[in-house]
Amino acid sequence: MLSGKSGLVLIKKIGTIGLIFLLGLILFYFIGKEEVPSSLKISKIRGKMHLQGIELLAGNSGKLKWKLKAKQADYVGKEIILKNIVFEYMLDKHIFVYSDEGKIIDNNSLILLYPRVKIKMSDVILFCDKFIYDKNKKKIFMNDNFEMKKDNYFKVISNKALFDIKSNSFYILKNVKSIWWLENENNM
Numbered sequence: 001m002l003s004g005k006s007g008l009v010l011i012k013k014i015g016t017i018g019l020i021f022l023l024g025l026i027l028f029y030f031i032g033k034e035e036v037p038s039s040l041k042i043s044k045i046r047g048k049m050h051l052q053g054i055e056l057l058a059g060n061s062g063k064l065k066w067k068l069k070a071k072q073a074d075y076v077g078k079e080i081i082l083k084n085i086v087f088e089y090m091l092d093k094h095i096f097v098y099s100d101e102g103k104i105i106d107n108n109s110l111i112l113l114y115p116r117v118k119i120k121m122s123d124v125i126l127f128c129d130k131f132i133y134d135k136n137k138k139k140i141f142m143n144d145n146f147e148m149k150k151d152n153y154f155k156v157i158s159n160k161a162l163f164d165i166k167s168n169s170f171y172i173l174k175n176v177k178s179i180w181w182l183e184n185e186n187n188m
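Going by the working numbering, the sequence shown opens with residue 1, and the numbers climb by one from there.
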């Protein structure tokens, strides 16, 4: 039986080893996979885990498909709550998604980002209050106060937008309004 200081040192060593083992498993799961993971599969953790500065990567055949960085992550129950997020999706062009807060929901395989999310694709910028990436349905939902801008050419406002990854289709839905600026109004 351990007592006092030696027992405390042993508990700290076991905790540190456990944390290193857990982080190794998470890294193995994300880096060792050939496909984008369908869920995070870390739901067996009991209690709460707090991490500073995380980066999740996924890809196939050595090519990175997406990465998610957050300055802070708290694992509570079946959710990972994120703060200060940059989500980068690599298609032909890189897409960057910035958000102050978000969640990864293990059971539903969802990445939920909020409030006032900014999405940057080359010279087009999108904003929405709620961004939902559903890995199972292969769809991205941009809900509440959706706005799309391209420099001084146009601005589109609606309640909702949808990007279907399978069909590579983009839809702007519900109460759509658009504003177009002409480059040279004198030529009319």
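Even glycine gets a Cβ: it sits at the ideal position worked out from N, Cα and C.
Within the same chain, Cβ atoms closer than 8 Å to the Cβ of Leu-173 are found at Ser-158, Asn-159, Lys-160, Ala-161, Leu-162, the five residues on either side in sequence being excluded.
If only uninterrupted beta strand (DSSP E) runs of at least 3 residues are considered, those enclosed by the segment 60–107 are 63–76, 79–90, 94–105. The beta-bridge partner set that DSSP reports for Ser-169 consists of Asp-164. Setting aside the 5 residues that flank it on each side, Asn-152 is surrounded in the same chain by Trp-181, each with a C-beta closer than 6 Å to its C-beta; the list follows chain order.
Beta-bridge partners of Asn-143 (DSSP): Lys-130, Lys-160. Secondary structure of Tyr-114 (DSSP, three-state): strand. With fewer than 16 other beta carbons inside 10 angstroms of its own, Leu-91 counts as exposed.
For Glu-101 and Leu-82, the gap between their C-alpha atoms comes out near 6 Å.
The C-alpha of Asn-60 lies about 19 Å from the C-alpha of Lys-137.
In the displayed model, Val-176 falls within coil according to three-state DSSP, outside both helix and strand.
For a cut-off of 8 Å, the C-beta gap from Leu-112 to Ile-119 is around 14 Å, too long to register as a contact.
Put simply, the backbone Cα of Met-121 is about 23 Å away from that of Ile-104. Rounded to the nearest angstrom, the gap between the Cα atoms of Tyr-89 and Lys-69 is 12 Å.
Going by C-alpha positions, Lys-67 is about 11 Å away from Ile-85.
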